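Residue numbers (the working numbering): 7 to 332.
Here the structure is laid out as structure tokens; the discussion comes afterwards.
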């Protein structure tokens, strides 16, 4: 009896190699499974909870995608209008406007901007846009708009503080510490306030305040300050006497402090002198009144007579007038 020999079968070597690969696959799966199990054991939730988180994330993404599609189709706008109509029917509609914090500002200007929202449903009121319109008012440093349900808009205003009056070519204007122009004023209303003038003076308000703070005893006596040549100050006191200060922040401050000390010991303000000039280092020039006064250029200091060294001023008869340049 003959026996058939099957050709092409797997050799022993191939079988052994296949079995070796199978063992490697099983070992890798075992290692991977143990690693995942170890990682899961460190998490504060179970595998079932993790699956729920993934499912919620997928559903959330689907909702966002649906909302974006609806936005392009105009559905949210329609829903917003419908919601606003329902809110208005329920009484959530702007009926009143309450304004707080207004003292100097014309309150009607606030209402002019706020009443555009009257009879509008509360959900449709754009509080940020209204705040932006209020910030355009010259007196407003800051503003806050809030809804007070069911029918009131509340507006809180923070006003700028007027610190001086700027003398312009054709009018007087109130300004704050930043030099921000607030509103024109009459000469009557400007009385008692510090008046500043000169080209570019509005940008020098902070510098002037720092200068006057260096001599607190003189500060309340200053009536006007003229910014001359965009480089230095002339101060006019309530006695109508004028003090010419030198150029430079440090130099002018030092001169003003020295003048305050001399005034304290010699009573320069309120005396016969009509002008003082401290533009020359360490020297004080005093102008005394004469029978015939010559007209002076705007922002200038009258001709001065050298009297004494600034370090030790003494009362003396003025020498012949010495002409000074501005």
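Think of the CB as a built atom: it goes at the ideal place given N, C-alpha and C, for glycine as much as any other residue.
The model shown is predicted, which means the values in this text are computed figures rather than measured ones.
query: Cβ contact (3+ pairs, closer than 8 Å) linking the stretch 213-228 and the stretch 247-262; result: yes
query: Proximal residues to residue 269 (C-beta, below 6 Å), its chain only, five neighbours per side dropped; result: 275
query: Euclidean distance between Cα positions of residue 140 and residue 131; result: 15 Å
query: Residues bridged to residue 282 (per DSSP); result: 249 and 292
query: Selection from 283, 245, 271 and 244 that minimises the alpha carbon distance to residue 258; result: 283
query: Which listed residue (235, 205, 198 and 203) has its alpha carbon closest to that of residue 227; result: 198
query: Burial state of residue 64, where buried means 16 or more other Cβ atoms lie within 10 Å; result: exposed
query: Limits of the beta strand (DSSP E) - the one that residue 240 falls within; result: 238-243
query: Residue 189 - partner residues in DSSP beta bridges; result: 180
query: DSSP beta-bridge partners of residue 149; result: 163
query: Cβ contact (3+ pairs, closer than 8 Å) linking the stretch 121-138 and the stretch 188-195; result: no
query: Which of helix, strand or coil DSSP assigns to residue 136; result: helix
query: Among 127, 201, 254 and 162, the one whose alpha carbon lies nearest that of residue 116; result: 162
query: Short Cβ contact (8 Å threshold) for residue 215 with residue 183; result: yes
query: Residues bridged to residue 202 [DSSP beta-bridge criterion]; result: 172 and 231
query: Where residue 219 sits in the DSSP three-state scheme; result: helix
query: Opening and closing residue of the alpha helix (DSSP H) in which residue 113 lies; result: 113-120
query: Assigned secondary structure, residue 106 (DSSP; H/G/I helix, E/B strand, else coil); result: strand
query: Coil, strand or helix - residue 99 by DSSP; result: strand
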